[in-house]
Structures are given as structure tokens and as C-alpha cells.
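Numbering-wise, the sequence shown is residues -20 to -1, 1 to 293 according to mature numbering (1 follows the signal peptide of the UniProt record, and there is no 0).
Yeah, the Cβ is synthetic: ideal placement off N, Cα and C, and Gly gets one too.
Every value quoted in this text rests on a predicted model; they were computed, and no experiment measured them.
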Amino acid sequence: MNWFVVAALALCVIAPGTDCADDSIAWCYHLPTCNDTTWPRIAAPFCNGTRQSPINIVTANAAGDASLGSFTFVNYDNTAIMNKMENTGKTVKVSLNSGAKVSGGNLSEAYDSLQFHLHWGNGSTVPGSEHTVDGTQYAMELHIVNSKESLNGNTTLAVADPSGLAALGFFIEALSDGSTGQPASWRNLVAYLENITTQNQTVSITPGISLNDLLFGVDRTRYWRYHGSLTTPSCNEAVVWTVFKDTIKISTDLIDRFATLRIGNSMSEHMVNVFRNVQPALPVSTQVSTTSGTSKTCYSLGLMALSVVLGRS
Ligand SMILES: *[C@@H]1O[C@H](CO)[C@@H](O)[C@H](O)[C@H]1NC(C)=O
Ligand SMILES: *[C@@H]1O[C@H](CO)[C@@H](O)[C@H](O)[C@H]1NC(C)=O
Ligand SMILES: *[C@@H]1O[C@H](CO)[C@@H](O)[C@H](O)[C@H]1NC(C)=O
Ligand SMILES: *[C@@H]1O[C@H](CO)[C@@H](O)[C@H](O)[C@H]1NC(C)=O
Ligand SMILES: *[C@@H]1O[C@H](CO)[C@@H](O)[C@H](O)[C@H]1NC(C)=O
Ligand SMILES: *[C@@H]1O[C@H](CO)[C@@H](O)[C@H](O)[C@H]1NC(C)=O
Ligand SMILES: *[C@@H]1O[C@H](CO)[C@@H](O)[C@H](O)[C@H]1NC(C)=O
Ligand SMILES: [Zn+2]
């Protein structure tokens, strides 16, 4: 790895202008010369690796593992944690102020939450999640990117460590009740898109929305776990992935708004289908219990038995 690559990687996770992506590689989602089928060639050595993300999660093959306990989230209820939102030309990224952390969930230590960004298709009718579940692609996917606390934000070290980064993936699905502007937290977030319609535009986020507000409706004790990579070049195999089973549900009008953003500053090039296609299967684990607390034990066992019958826990 030469110095320029190291320097680019060092900027990758932290720098506001990037999406944990290596800008020294001219990669893209849509042109035949640089789309994801070319990444193993144009972005070797990592994009041609053997633990690449995203993957299709085959629920029947996920091995139950009792070590996959609950997480502890710090500052996820803080309504002033979001700093600014940026159109990177590849995604919408929200950088976080320092202080948000995630630990537990069998992570080896606490991880600092640095930023979140999204992947989507073309409006609510063309799905664009990165991970798929038994072949189903969801409308959108939210990624919260976290770096090992002990590495003190040194992303050169983080991307060189097989578990240097922890990514939290949340599927976003359309509400089917015909409502608009729901829930309020997402209406609030999506309202900022009008300020970042072209590449490199940023807008400061006014305090008022917490991470918990965005993760509304997701039981964060229910998840899949596997070891993979960044889903954008340089695809470093440094990511402990947690993909949550429950979806975030938002109204179709809000999903549709993402497809109005633009790549570059051209009026015609809309930022659509911004996801990497699934990569070869990897071993996936899953948590084993659906509820916690002794008072719910009987109910929980009943649910587990039912889950076994249905083939999904
Ligand atoms: C991606 O590029 C390859 C050639 O490199 C081409 O065959 C394929 O159709 C392209 N896919 C998309 C979705 O543009
Ligand atoms: C990926 O590419 C690098 C550099 O071209 C090469 O050294 C490595 O062997 C390749 N890895 C695989 C798994 O093919
Ligand atoms: C849980 O963590 C331990 C220690 O790091 C590791 O050996 C084990 O593979 C992890 N379990 C899962 C399901 O990732
Ligand atoms: C996205 O959807 C819009 C409207 O439905 C359509 O005009 C456009 O061609 C689609 N873009 C792509 C890349 O499929
Ligand atoms: C990251 O750590 C490496 C190795 O210890 C060191 O050489 C480099 O200067 C550090 N980078 C930053 C930005 O502190
Ligand atoms: C966002 O754009 C709207 C409409 O152009 C404008 O009224 C508003 O002041 C902008 N907000 C920020 C924070 O720049
Ligand atoms: C955004 O910034 C990048 C990096 O500085 C630059 O290459 C690109 O042309 C800019 N895009 C626009 C639309 O100005
Ligand atoms: Zn992502």
C-alpha cells in the first residue's frame, strides 16, 4: 500500500467530504467503465477479496449464537448529535458530533459512531438496499459507521484491523397505509434534502432529531452478524456487520424524495440505484432469543418454539 492510498484511507471514515470511500479510485455505480462489476479490477487489492459486502442473508443458514447479546447505545437519544448532511455524489451522509457510541452485541470493545448514510433504488417502487434477506431487496438501507474506540479515530489503523469498524445496517421499508410524511423524525430529516440537491452541498442539522428517533420500530436485540467489508471502494475487509431484522417503516413520499437528488450538478443525472450488488455468501450468525427478562420467559420460549417451526428466529 503506497503513501497516497494510506493517506486517502486515513481521510476515509472521518473526513466530512467522503463516504468512507477512497476518492483516489474513480468508481461509480452506473457507468460500464466503473460500476460495481469492475471494482475487483479497478479497486484491487480489496474489492477482489473473499469477505466482501453486501451479501444475501439466507435466514435458514444463520447459526444461532448465544454470545450475540444486546447492545448498549450511548448518546443515541441525544437530539443534538447530528452535525451536518452532505450530498457526496454517491450517497447522503450525516456526520455525527463526538460522543455517540455502541458496545455490547459481542463487539470486542466500544465503537465510536462517526456517521450514517443511506443506499436506495429509484423511488419507492424500485428497491435499493445493499443486503438482501432470502433474496428480498428492501426499499432502502441505513448504515451507521462506527470505529473502534481504542484506535482514537485513526482510520488507517481501523481499515487495517479485521474488526476495526462496526457497521449497523437497518432496512427501510415503505409504510403501506397510504400515509405521507411519516414518521415525523424522517420527515424532519428528509426536509434537509432540498438543501443538498447537488454534489458537495452540505447543510447543518438543527438539533431536534436523535438516532433513536430514526431507528423507530426496530427491536435492536434481533439481528444477524457476519464479518465483511466496506461496500464502496476500497472495500477494506475491516467491518463487523450487524444487520437488524426489523425494518424502519417510512411513508412512500419520503422514500421518493431521495431519487430527486443529483450526482454532480447536472439537472439530468439523478442519484438512483446507489447500492452495490450482493457478493458471494459468507457465514452468518444470529441472536437466539427474541425477548429478555425473566417475566417473559414462558412467552419467550413459546415464541422461540414458534420461530423454530416457522424457520425464523
Ligand atoms: C456494469 O458494467 C459492465 C461492463 O463493465 C456491464 O456489462 C454491465 O451491464 C454494467 N451494469 C450496469 C448495471 O450498468
Ligand atoms: C486481489 O488483487 C491483488 C492485487 O492485484 C492480488 O495481489 C490478490 O492476490 C488478489 N486477491 C484475490 C483474492 O484474488
Ligand atoms: C463473539 O466474540 C468472540 C470473541 O471475540 C468470538 O470468538 C466469537 O466468534 C464471536 N461470536 C460471533 C457469533 O461473532
Ligand atoms: C427512475 O424513475 C424515473 C421515474 O419513475 C424514471 O424516469 C427514470 O428513468 C428511472 N431511472 C432509472 C435509472 O431507472
Ligand atoms: C495512525 O496510526 C499509524 C500507526 O500507528 C501512524 O503511523 C499514523 O500517523 C496514525 N495516523 C494518524 C492520523 O494519527
Ligand atoms: C434549505 O432550503 C430552503 C429552501 O430553499 C431554505 O428556505 C432554508 O433556509 C434552507 N435551510 C438551510 C438550513 O439552509
Ligand atoms: C465535488 O468535489 C469533488 C472533490 O473536490 C470534485 O471532484 C467534484 O467535481 C465536485 N462536484 C461538483 C459538482 O462541484
Ligand atoms: Zn453504506
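{"query": "Give the secondary structure of Asn175 by DSSP, where H, G and I count as helix, E and B as strand, and everything else as coil.", "result": "helix"}
{"query": "Please classify Asn175 as buried or exposed, where buried requires at least 16 other C-beta atoms within 10 Å of its C-beta.", "result": "exposed"}
{"query": "Can you tell me where the alpha helix (DSSP H) with Arg237 in it begins and where it stops?", "result": "Thr232 to Phe238"}
{"query": "Just the C-alpha distance for His207 and Ala146, rounded to the nearest angstrom, thanks.", "result": "9 Å"}
{"query": "Let me confirm a value: Ser272 is counted as buried when at least 16 other C-beta atoms fall within 10 Å, else exposed. Which label applies?", "result": "In this predicted model, Ser272 has a pLDDT of only 48, less than 50, meaning its place in the structure is not dependable; the value taken from the coordinates is given anyway. Exposed, by the Cβ-count rule."}
{"query": "Hey, could you find the ends of the alpha helix (DSSP H) Thr222 is sitting in?", "result": "That residue, Thr222, is in no alpha helix (DSSP H); its beta strand (DSSP E) goes Val219 to Phe224."}
{"query": "Considering only heavy atoms of ligand 7, does any lie closer than 6 Å to the CB of Asn126?", "result": "no"}
{"query": "Does any heavy atom of ligand 1 sit closer than 6 Å to the C-beta of Thr266?", "result": "no"}
{"query": "Between which two residues does the alpha helix (DSSP H) carrying Val22 extend?", "result": "One point to set straight first is that residue 22 is Ile, not Val, in the sequence displayed. Residues Trp19 to Ile22."}
{"query": "With a cut-off of 8 Å on the beta carbons, I'd call residue 317 and Tyr56 a contact; round off their distance for me.", "result": "Here the chain covers residues -20 to 293 and nothing more, so residue 317 does not appear."}
{"query": "Please report the straight-line C-alpha distance between residue 296 and Thr52, rounded to a whole angstrom.", "result": "No answer is possible for residue 296: the residues shown for the chain start at -20 and end at 293."}
{"query": "Would you kindly report the start and end of the unbroken beta strand (DSSP E) that includes Trp204?", "result": "Tyr203 to Gly208"}
{"query": "By Cβ distance, which residues of its chain are closer than 6 Å to Leu10, with the 5 residues on each side in sequence left out?", "result": "Before going on, a small fix: residue 10 reads as His here, not Leu. Result list for His10: empty, nothing under 6 Å."}
{"query": "Just the Cα atoms here: how many angstroms apart are Ala154 and Thr227?", "result": "9 Å"}
{"query": "By how many angstroms is the C-alpha of Gly49 removed from the C-alpha of Ser225?", "result": "The sequence given here has Lys at residue 225, not Ser. Taking the straight line from one Cα to the other gives about 14 Å."}
{"query": "If you reduce the DSSP assignment to three classes, tell me which class Ala138 lands in.", "result": "helix"}
{"query": "Would the C-beta of residue 329 count as close to ligand 2, meaning under 6 Å from any of its heavy atoms?", "result": "Given a span of -20 to 293 for the chain in the structure shown, any question on residue 329 remains unanswerable."}
{"query": "Decide if Arg21 is buried, meaning its Cβ has at least 16 other Cβ atoms within 10 Å, or exposed.", "result": "exposed"}
{"query": "When the Cα atoms are used, what is the spatial distance from Cys278 to Ser269?", "result": "With a pLDDT of 37 at Cys278, under the threshold of 50, the predicted position of this residue should be treated as unreliable, though the coordinate-derived value follows. When rounded, the distance between both Cα atoms is 12 Å."}
{"query": "Just tell me which of Met65, Lys64 and Arg256 has its CA closest to the CA of Thr112.", "result": "Arg256"}
{"query": "Can you list, in chain order, every residue whose CB sits closer than 6 Å to a heavy atom of ligand 2?", "result": "Ala24, Pro25, Asn28, Gly29 and Thr30"}
{"query": "Evaluate Ala42 with the Cβ neighbour count: other Cβ atoms within 10 Å of its Cβ, from every protein chain shown; 16 or more gives buried, anything less gives exposed.", "result": "buried"}
{"query": "By Cβ distance below 6 Å, which residues in the same chain neighbour Leu234 in space, the five residues on each side in sequence not counted?", "result": "Trp166 and Val170"}
{"query": "In the DSSP output, which residue or residues are listed as bridge partners for Asn96?", "result": "In the sequence under discussion, the amino acid at residue 96 is Phe, which differs from the Asn named in the question. The partner list for Phe96 (beta bridge, DSSP) reads Val74 and Ile124."}
{"query": "Would Ser214 pass as a contact of Phe26 if the rule is Cβ separation under 7 Å?", "result": "yes"}
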